[in-house]
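Going down the list, the protein sequences come from chains A and B. Here my numbering is used: position 52 in the first sequence is 52, and no number is missing along the way. Here my numbering is used: position 205 in the second sequence is 1205, and no number is missing along the way. Reading through the C-alpha cells given below for one structure.
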Amino acid sequence: MSEAPFIQINDLHHVYLRDTPLEITALKGVDMEIHMGESVGIIGRTGSGKSTVVQHFNGLIRPREPGKVLVDGEDMSDPKIDIKRVRQRVGLVFQSPQQQLFEKLVGDDIAYGPKRLGMVQADRRERVKWAMEMVGLDFERFKDRFTFSLSGGEMRKTALAGVLALRPEVLILDESTTGVDPRGRKELMARLLALHKEHGLTLVFVSPNMEEVAELVERVYVMDDGRVVMSGTTREVFSQPEELFQHGLNVPQVTQVAHDLRARGIGVERVPVTVDEGVEEIWKILSSCETSPLVSTYQATR
Amino acid sequence: MSYVANAILLLVTLGLVLLSGVSLKYIFFGLKPALPLIIVLAILQLLFYGDAFTPHGMASRTYFRWGWIHITNGSVQLVIVSAARFVELLFLTSLLTNTTTLTDITHGIEDMLKPFSRFGVPANELALVGTISLRFVPLLGEQLETIMKAQASRGANVAHKSKLEFVSRARQVAAFIVPLFVDAFRRGEDLILAMQARCYVGGRGRSSFVRLRFQRMDYLAYGVGLVFSVLMLGLQSYFPF
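In C-alpha cells form, the structure reads like this:
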C-alpha cells in the first residue's frame, strides 16, 4: 500500500486522570496505520489499551505531545478542525451499544445522526432505510417500533444502524458484538464483511474473540500493556501461538488444532485461521494418506 | 475568633496533609469547586455583617460606610476567618476521602452506629444505603461518559449552543439523560436480584470479613486529637478559635 494511510498514529501516549493520585497510564507509545479499504483487527487482553487507541481515531480523545494522530492528513490535536466531519467519516460503535438508544421510535433513533448532520427529511429517510437494510432490520416492520421494546440483539442492530446511517468511510467496532447470540453474531459479521467487500467500507475490529477476528480481518495489531507488541497479517500473527500466549491471548481453535498436528509430526502446509481453511487443510492431509478408511467415508460425503 | 488561632489551625491542617503523603497540589485542587461559594459568602459577610460582630480584643472601627453598606474591622475579620475555616474544613474532608477507602469509612460508620441499634437505629441498613449510593456515583459517571462519547460519535454536539434555543438544547440533553436513567434502573434491578439470589439479609448476627481494630496509630491519632481539642477549649481566653 503506497498511498498515505487514512488514519496514522505515531508515538501515542495517554494517561487517564492525569495529575491525580489515581492516574493510569493507558498508552505508552503506539504506532498504527489504517489504510482505506482494508480491514484491521486490534486484539489484546483487557486493559491493554485497545479502546483508548480507537477513541483517538475519531477525536473522542485528542492526542497530546509527542503523540500524533492524523486522520486523512488532518492533525487531530488541532482544536479548530471540523470534528463533526471527522466523526461522520470515522464511525465508532461502542461495547454494549444498546446503551446509546434514547428516542421513542427505532426509526427516529437511527435518524439522530443524519439529523445532526442537517439532512432534510426525505434524505434522512433514505439513509435510515439503507442503514436498517444493512444491519438486517426490516424498515417497514421496525421503523415505528418502540426502542425499548426491542430485544437485546435488535437494540444492538439499531445502534449499529444509527452509526451506519452517517455513512462512515471507516467503521470501528469496539467489542460491539459481545453478548450477541452466536447466530446473530454470524449474521452481523456476514453483513459487515459484505459492507467491507461491496461498499469498500474500512473496518477496524476490536475484539477479544480470536475466531471473529480471524474471520473478519486481513491484518492484526496485538496490544499489551499500552503498546503494540505484534503486528502483521492475520496468518502471520496467528502462526506464533507462543508469543500470543505470553500476551494473554490465544489463537483460534482451528489454528490451535493445526499447531498440535504439526507438533505430532503431521505436516500442515498452511496454518489455517478460519474454520473453512481448517477443513480444507485437514482434507488435504487425509487425501495424502490413502490407506485411511476415513478418506473414503469423507469422499463419499463430499 | 482571632487571626492567630486560625493561622495555627491552618498550619496544623497543612501539617496533617504533609504527614498523610497526599499530594498538596491535589488537595488544593479540591478547593476549586468550593471557590465560588467562599467568594459569595465573603461578599455577603463583608456587606451585611458590619455591626453584628465585634472583633476579639479590638475596638470596633468602621472602614467604610455608604447607605446600608457598613464595613468594619469586625466584618473584615469575619470574612477572613470564615474563609480560613472553610479551607480547613475542606482540607480535612479531602484528607479523609483521599486516605481512607470507601469500604473502610462505611465499616467505621457501621461500627459507630452499632450501639444505637438497641434503640432501633438500623445501623447496618444505613451503612448499606451509604455504600451503595456512593458506589453508584462513579459508575454513573463512567456510564455518562460512555454515553456522551457514543452520542458524540453519532454527531451529537457536546459543545454549547445558544442559550435561547431551549427546545433543541433540551432535546440534546435527552440524548444523554434517557440512556443514563435506563441504565441506572437496570443496574438497580440487577443489584436487587443479585442480593436476593445470595439471600441477603442485613443486620443482626451478620459477621463481617473486615474487622476494624484499634491499632497503636489509631490511639495516637485519637490522643493527639483529644489533646488538641482540649487545648483549643482551654486557650480560648488567649486567642479564641
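The beta-carbon is built from N, C-alpha and C at its ideal position, and this holds for glycine as well. Since we're looking at a predicted model, the values are computed, not measured.
From the DSSP output, in three-state form, read off residue 91(A) for me.
Here residue 91(A) refers to the residue found at position 91 when the first sequence is read from its first residue. Three-state result, residue 91(A): strand.
Residue 158(A) versus chain B: which residues are under 8 Å apart at the beta carbon?
Numbered from 1 along the first sequence, position 158 holds the residue referred to as residue 158(A). Per Cβ cutoff of 8 Å: no residues; residue 158(A) is ~12 Å from chain B at best.
So, for residue 1060(B): in the same chain, excluding its five sequence neighbours on each side, which residues have a beta-carbon less than 8 Å away from its beta-carbon?
Counting from one through the second sequence, the residue named residue 1060(B) turns up at place 60. Same-chain partners within the cutoff: 1054, 1072, 1073 and 1074.
Under DSSP, the alpha helix (DSSP H) around residue 127(A) begins and ends at which residues?
As a first step, residue 127(A) must be located in the first sequence, where it is residue number 127. Judged by DSSP secondary structure, residue 127(A) falls within the alpha helix (DSSP H) whose first and last residues are 121-135.
Is any beta-carbon of chain B found at less than 8 Å from that of residue 116(A)?
In the first sequence, counting from the first residue as 1, residue 116(A) sits at position 116. Residue 116(A) counts as touching chain B.
Coarse secondary structure for residue 367(A), derived from DSSP in three states:
Residue coverage of chain A in this structure runs from 1 to 302, which leaves residue 367(A) outside it and unanswerable.
Would you say residue 1026(B) reaches chain A, if we count a Cβ-Cβ gap shorter than 8 Å as a contact?
Reading the second sequence from its first residue, position 26 is the one you call residue 1026(B). Cβ-Cβ to chain A under 8 Å: yes for residue 1026(B).
Give the range of the beta strand (DSSP E) segment to which residue 112(A) is assigned.
Here residue 112(A) refers to the residue found at position 112 of the first sequence. Run containing residue 112(A): none in the beta strand (DSSP E); it sits in the alpha helix (DSSP H), 106-116.
Cβ-based contacts, 8 Å cut-off: residues of the stretch 59-91 of chain A near chain B:
Residues 60, 84, 87, 88 and 91.
At which residue ranges does the stretch 23-86 of chain A contain complete alpha helix (DSSP H) runs of 4 or more residues, listed in the order of the chain?
50-57
The stretch 185-205 of chain A touching the stretch 227-237 of chain A, judged by at least three CB pairs closer than 8 Å
no
Quick check on DSSP: helix, strand or coil for residue 231(A)?
By 1-based counting over the first sequence, the position of residue 231(A) is 231. Reduced to three states, the DSSP call for residue 231(A) is strand.
Where does residue 1242(B) sit, in a helix, a strand or coil, going by DSSP?
The shown model of chain B, from 1001 to 1241, leaves out residue 1242(B), and the question about it has no answer.
DSSP on residue 173(A), reduced to helix/strand/coil?
The count along the first sequence starts at 1 and reaches residue 173(A) at position 173. Correct three-state label for residue 173(A): strand.
In chain order, what residues of the same chain have a beta carbon less than 6 Å from the beta carbon of residue 238(A), not counting five sequence neighbours either side?
Position 238 of the first sequence, counted from the start, is the residue given in the question as residue 238(A). So the list reads 251, 255 and 273, once near-sequence residues are dropped.
In the DSSP assignment, what residue or residues form a beta bridge with residue 253(A)?
The sequence position of residue 253(A) within the first sequence is 253, counting from 1. For residue 253(A), which the question treats as bridged, DSSP gives no partner whatsoever.
Using a Cβ-Cβ distance cut-off of 8 Å, determine whether residue 208(A) contacts chain B.
The residue labelled residue 208(A) in the question sits at position 208 within the first sequence. Answer no: the Cβ-Cβ gap between residue 208(A) and chain B never drops below 8 Å.
Taking the CB atoms as reference points, tell me whether residue 109(A) and residue 162(A) lie closer together than 8 Å.
For the purposes of this step, residue 109(A) is taken as residue 109 along the first sequence, with counting starting at 1. For the purposes of this step, residue 162(A) is taken as residue 162 along the first sequence, with counting starting at 1. The answer is yes: Cβ separation under 8 Å.
Rounded to whole angstroms, what is the Cα-Cα separation between residue 209(A) and residue 54(A)?
Within the first sequence, numbered from 1, the residue matching residue 209(A) stands at position 209. Within the first sequence, numbered from 1, the residue matching residue 54(A) stands at position 54. Between residue 209(A) and residue 54(A), the alpha-carbon positions lie close to 17 Å from each other.
Within-8 Å CB hit, residue 200(A) to chain D:
As a matter of chain content, chain D is missing from the structure shown, whose protein chains are A and B.
Compute the distance between the beta-carbons of residue 25(A) and residue 226(A), then report whether it is under 8 Å.
The count along the first sequence starts at 1 and reaches residue 25(A) at position 25. The count along the first sequence starts at 1 and reaches residue 226(A) at position 226. Cβ distance < 8 Å, so residue 25(A) and residue 226(A) count as in contact.
Rounded Cβ spacing between residue 93(A) and residue 160(A) (contact assumed at less than 8 Å)
What you label residue 93(A) is simply residue 93 of the first sequence in a count that begins at 1. What you label residue 160(A) is simply residue 160 of the first sequence in a count that begins at 1. In this structure, residue 93(A) and residue 160(A) form a Cβ contact; the two beta carbons are roughly 6 Å apart against a cut-off of 8 Å.
For the candidate residues 36(A), 29(A), 141(A) and 219(A), whose alpha-carbon lies nearest to that of residue 168(A)?
Position 168 of the first sequence holds residue 168(A). In terms of CA proximity to residue 168(A), 36(A) leads the group 36(A), 29(A), 141(A) and 219(A).
Could you confirm whether any beta carbon from chain A is found closer than 8 Å to the beta carbon of residue 1157(B)?
Position 157 of the second sequence, counted from the start, is the residue given in the question as residue 1157(B). Closer than 8 Å to some Cβ of chain A, the Cβ of residue 1157(B) qualifies, so yes.
Report all residues from its chain with a CB closer than 7 Å to the CB of residue 362(A); omit the five preceding and five following residues, and keep chain order.
Nothing about residue 362(A) can be reported from this structure: the residues present for chain A run from 1 to 302 only.
When the Cα atoms are used, what is the spatial distance from residue 147(A) to residue 244(A)?
Here residue 147(A) refers to the residue found at position 147 when the first sequence is read from its first residue. Here residue 244(A) refers to the residue found at position 244 when the first sequence is read from its first residue. Between the alpha carbons of residue 147(A) and residue 244(A) lies a gap of roughly 41 Å.
DSSP-derived helix/strand/coil call for residue 1066(B)
Mapped onto the second sequence, residue 1066(B) falls at position 66. Note: residue 1066(B) maps to strand in three-state DSSP.
Distance check for residue 221(A) and residue 1223(B), CA to CA, integer angstroms please.
Here residue 1223(B) refers to the residue found at position 223 when the second sequence is read from its first residue. Here residue 221(A) refers to the residue found at position 221 when the first sequence is read from its first residue. Residue 1223(B) and residue 221(A): Cα-Cα distance of roughly 58 Å.
Any idea what DSSP makes of residue 1(A), helix, strand or coil?
To locate residue 1(A), count along the first sequence from 1; it is residue 1. Confidence at residue 1(A) is low in this model, with a pLDDT of 46, below 50, so the placement of that residue should be treated as unreliable; the coordinate-derived value is given next. Three-state result, residue 1(A): coil.
Between residue 1149(B) and residue 249(A), which are expected to be in contact by the criterion C-beta below 8 Å, what is the C-beta distance as a whole number of angstroms?
In the second sequence, the residue the question calls residue 1149(B) occupies position 149. In the first sequence, the residue the question calls residue 249(A) occupies position 249. Between residue 249(A) and residue 1149(B) the Cβ distance is about 26 Å, and since that is not below 8 Å, they are no contact.
Check the Cβ-Cβ distances between residue 1017(B) and every residue of chain A, and say whether any is below 8 Å.
Taking the second sequence and counting its residues from 1, the one referred to as residue 1017(B) is at position 17. So no, residue 1017(B) is outside the interface.
Run the proximity test for residue 1148(B): is its beta-carbon closer than 7 Å to any non-hydrogen atom belonging to the ligand PLP?
Looking at this structure, you won't find the ligand PLP or any other ligand, since it has none at all.
Do you know offhand how far residue 1123(B)'s Cα is from residue 1201(B)'s?
The sequence position of residue 1123(B) within the second sequence is 123, counting from 1. The sequence position of residue 1201(B) within the second sequence is 201, counting from 1. Roughly 13 Å separates the two Cα atoms.
When 1092(B), 1044(B), 1067(B) and 1046(B) are compared against residue 1012(B), the one with the closest alpha-carbon
Here residue 1012(B) refers to the residue found at position 12 when the second sequence is read from its first residue. It is 1092(B) whose Cα lies nearest to the Cα of residue 1012(B).
Residue 1113(B), DSSP secondary structure in three states
One-based indexing of the second sequence puts residue 1113(B) at position 113. In this structure, residue 1113(B) counts as helix in the three-state DSSP scheme.
Neighbour flag for residue 1022(B) against chain A, beta carbons, 8 Å:
For the purposes of this step, residue 1022(B) is identified with residue 22 of the second sequence, where counting begins at 1. Judged by the 8 Å Cβ criterion, residue 1022(B) is in contact with chain A.
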